[in-house]
């Protein structure tokens, strides 16, 4: 029997808005991400965002790890210029976190599902995998072109889910976004990510 660390009960409302300089025209790298997550079990998730490498631009790291019940929404929106030091970042997180112990019992299920999509033109990759599936309902949509990547993941399951994504600026090799998450138990994931160079506004309202 595997036991997981605790997740402290807390109500979180975070609003961060960071900016340097006004929005400019061409050559901007942009990222928009809307996320909703419900977990009744265990999770270990980290998301890292930066508009520029080194001691420049905007940086943000957010993560959650432990057992319990989590209901959470996140929004991230940023752009950075490839031709200047201008950048801007907006982040919002609302979450309800309640601790209770969770133990992962043995699973007889060998049912698995996985997907990985890469866009070398944009510099993006996203992956999702599911294992020890008792039941899974998923709806994944992917659109990739020479200047935009759009990923929409909607999944509900009892089992284990892993979600990962990376977005690298091909101009200066900055990793604009890096995320990875492990979710065990009853899990509902809705993840919408749009990245690229001046991509069209195709994400639905959250």
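Residue numbers (full-length UniProt numbering): 1 to 206. Even for Gly, the Cβ is constructed at its ideal location relative to N, Cα and C.
| query | result |
| --- | --- |
| Under 7 Å between C-beta atoms of residue 197 and residue 32 | no |
| Collapsed DSSP secondary structure at residue 69 in the structure displayed | strand |
| Residue 152, DSSP secondary structure in three states | strand |
| Residue range of the beta strand (DSSP E) that includes residue 34 | 28-50 |
| Contact between the stretch 83-98 and the stretch 176-194 (3+ Cβ pairs under 8 Å) | no |
| According to DSSP, residues forming a beta bridge with residue 80 | 29 and 87 |
| Cross-strand partners of residue 167 (DSSP beta bridge) | 124 and 177 |
| The stretch 99-117 contacting the stretch 78-90, beta-carbon criterion three pairs below 8 Å | no |
| As assigned by DSSP and simplified to three states, the class of residue 97 | strand |
| Start and end residues, beta strand (DSSP E) containing residue 118 | 113-119 |
| Residue 102 - DSSP class collapsed to helix/strand/coil | coil |
| Residue 167 classed as buried or exposed, judged by whether at least 16 other C-beta atoms fall within 10 angstroms | buried |
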